[in-house]
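Asks: Okay, so the sequence shown: first residue is 6 according to the working numbering, each after it adds one. Just so you know, even glycine gets a beta-carbon here, dropped at the ideal spot from N, CA and C. It should be emphasised that the depicted structure is a prediction, and the values quoted were computed from it without experimental measurement.
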Amino acid sequence: MKKTIALFIHHPTCSTDSVNGVMAALSPLAGIKLFTRHKVAEGFFDDVDLVVFPGGDGEAMLFRGLLKQNISDVRSFMQRGGKYLGICMGAYWADAYYFNFLKTTRCVQYIKRPRADIRSSYGTTAPVQWRGQAHRMYFYDGPTFVNGEFETVATYANGDPMAMVQGAVGLVGCHLESQAHWYTKKYMQPQWHDNQHHVLLAQFVADYLLRSRQIPLF
6 MKKTIALFIH HPTCSTDSVN GVMAALSPLA GIKLFTRHKV AEGFFDDVDL VVFPGGDGEA
66 MLFRGLLKQN ISDVRSFMQR GGKYLGICMG AYWADAYYFN FLKTTRCVQY IKRPRADIRS
126 SYGTTAPVQW RGQAHRMYFY DGPTFVNGEF ETVATYANGD PMAMVQGAVG LVGCHLESQA
186 HWYTKKYMQP QWHDNQHHVL LAQFVADYLL RSRQIPLF
């Protein structure tokens, strides 16, 4: 049976660009339905396997205003055995101040970490080791993860975790869902990944969250 993904959109905090990229990356895995800040219909999450909160442009503290109608539904979904994918802003929202889906692990700004190679908030690419392979991935003030136990899937240049899995929660600091028009800066154009990062994101979701290794991605 095909899986179902519920994807949150609220531009610009969980931006249209990020949502479109997630849909392009994950549509081979599952049917996708969108929800917004407005109250979801009763039973909306009944057929959902994975809820996704992507990234965008804004303050993480906007969480309460944007999610107040649906916080309890998302938390109930997770309590019933659902899975959560957070990308950049969505990763911050897994932290104790927001959904509180992690144990003792905290999501903190990478740019403020010791030996971070990026020290301010702007769109660029970051050198990353993703499952043992070197990449440059789109980065805009994404988090890293400290304390507690989790599986590290990718690391930043200083060795801090960039992507991790803790139980039913998968978090990614960089934007693997990025699209060609995100790379308009002249120095970034040669770093466009030709949608290969979409494949990596889909494999991450299939392997760690949907447990669907049998899905033919390639």
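Would you report the Cα separation of Asn200 and Asp54, rounded to the nearest angstrom?
Replies: 24 angstroms
Asks: Can the beta-carbon of Phe144 be found less than 8 angstroms from the beta-carbon of Ala159?
Replies: no
Asks: Looking only at its own chain, which residues have a Cβ that is under 6 angstroms from the Cβ of Ala30, when we skip the five neighbours before and after it?
Replies: Glu182, His203, Leu206 and Ala207
Asks: Between which two residues does the beta strand (DSSP E) holding Arg111 run?
Replies: Arg111 to Gln114
Asks: Span of the alpha helix (DSSP H) holding Ala207?
Replies: Gln201 to Phe209
Asks: Would you call Leu215 buried or exposed, if buried means 16 or more other Cβ atoms sit within 10 Å of its Cβ?
Replies: Label assigned to Leu215: buried.
Asks: Of all the options Gly175, Val210, Gln196 and Tyr188, which has the alpha carbon lying nearest to the alpha carbon of Asp239?
Replies: Missing from the structure shown is residue 239; the chain here goes from 6 to 223 and no further.
Asks: Cutting at 6 angstroms between CB atoms, please list the residues of its own chain near Leu71, excluding the five before and the five after it.
Replies: Listed in chain order, the non-local C-beta contacts of Leu71 below 6 angstroms within the same chain comprise His15 and Arg42, local neighbours out to five positions each way being set aside.
Asks: Would the beta-carbon of Gly60 fall within 8 angstroms of that of Ile92?
Replies: yes
Asks: For Ile10, collect the residues of the same chain with a Cβ closer than 8 angstroms to its Cβ; drop the 5 residues on either side in sequence, then sort them by chain order.
Replies: Leu31, Leu34, Ala35, Gly36, Ile37, Lys38, Val53, Asp54, Leu55, Val56 and Val57
Asks: Return helix, strand or coil for Lys73, following the three-state DSSP convention.
Replies: coil
Asks: So, at 6 angstroms on beta carbons, what are the nonlocal neighbours of Tyr213 in its own chain, with the 5 sequence-adjacent residues on each side left out?
Replies: Val170 and Gly175
Asks: Can you tell me the Cα-Cα spacing of His198 and Thr109, whole angstroms?
Replies: Roughly 34 angstroms separates the two Cα atoms.
Asks: So, with DSSP's three-state summary, where would you put Tyr143?
Replies: strand
Asks: Compute the Euclidean distance between the alpha carbons of Gly137 and Thr157, then round it to the nearest angstrom.
Replies: Each residue's Cα considered, the two are about 11 angstroms apart.
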